[in-house]
Amino acid sequence: MNPSSTTPSALRKGIAYGLQGTGAFLAVLAALLLGQWSEVALLMAPFGASCVLAFAVPESPLAQPRSIVGGHLLSTAIGLVLLHTAGFHAWSAALALGLAIIAMQWTRTLHPPAGADPLLVMMAGSAWSFLWSPVLLGSLLIVAVAWGYHRVCRRTYPQRWL
């Protein structure tokens, strides 16, 4: 057995990592169960990466509610605008991602997982309702679960709401 793996520091890290994973588990479980119960989509793949930020590095500007909710909303809206005006093409998908990055930077809502949103909605041919569900409702749920989780763990989250 490696002696360093049993030190108090290693044990504390292991517990912290386990708790972070538990937070993400709870957020995704809540999204899936509430979505199943309400018959409203509350989860999309990029939310997995949002959970990594919200639970593993909650102090990061990228993990704040403004970035999680705003980044996903803005990026998805840009993807939907291009999808419904220009259609899905290589150039329009690439343009949507580029514009999403510019818009998130400009509005201080940079959230890397949201970079996948314009590509997702364009490739899936999503309807405008995708902006409401799962994007808005799901991102708000992640923030709510992260807020509650960090309160229970006695950590400060968010660093700022807006």
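Heads up: the sequence shown at position 103 corresponds to 103 in UniProt numbering, and the numbers run straight through without jumps.
Backbone N, C-alpha and C fix where the C-beta goes; we use that ideal spot for every residue, glycine too.
None of the values given here were measured: they were computed from a predicted structure.
Contacting residues, own chain, Cβ-Cβ under 8 Å from residue i (five flanking each side not counted)
i	result
residue 119	79, 93, 96, 97
residue 62	53, 110, 111, 112
residue 125	83, 88
Cut-off 6 Å between Cβ atoms - residues of its own chain near residue i, not counting five sequence neighbours on either side
i	result
residue 158	64, 65
residue 114	71, 72, 75
residue 1	At residue 1 the pLDDT is 49, less than 50, meaning the model places this residue with poor confidence; the figure from the coordinates comes in the next sentence. For residue 1, where only same-chain residues beyond five positions count, there are no Cβ hits under 6 Å.
residue 90	none
Alpha helix (DSSP H) segment containing residue i, residue limits
i	result
residue 17	8-38
Three-state class that DSSP yields for residue i in the structure shown
i	result
residue 162	coil
Cutoff 7 Å; reference residue i; Cβ partners in own chain excluding five residues on either side
i	result
residue 56	20
residue 77	131
residue 128	80
residue 68	50, 54, 111, 139, 142, 143
> In the UniProt domain "HPP transmembrane region" (20-158), which residue ranges form an unbroken alpha helix (DSSP H) of at least 4 residues, counting only runs that do not cross its ends?
Replying inline: 46-56, 65-86, 90-107, 116-124, 137-152
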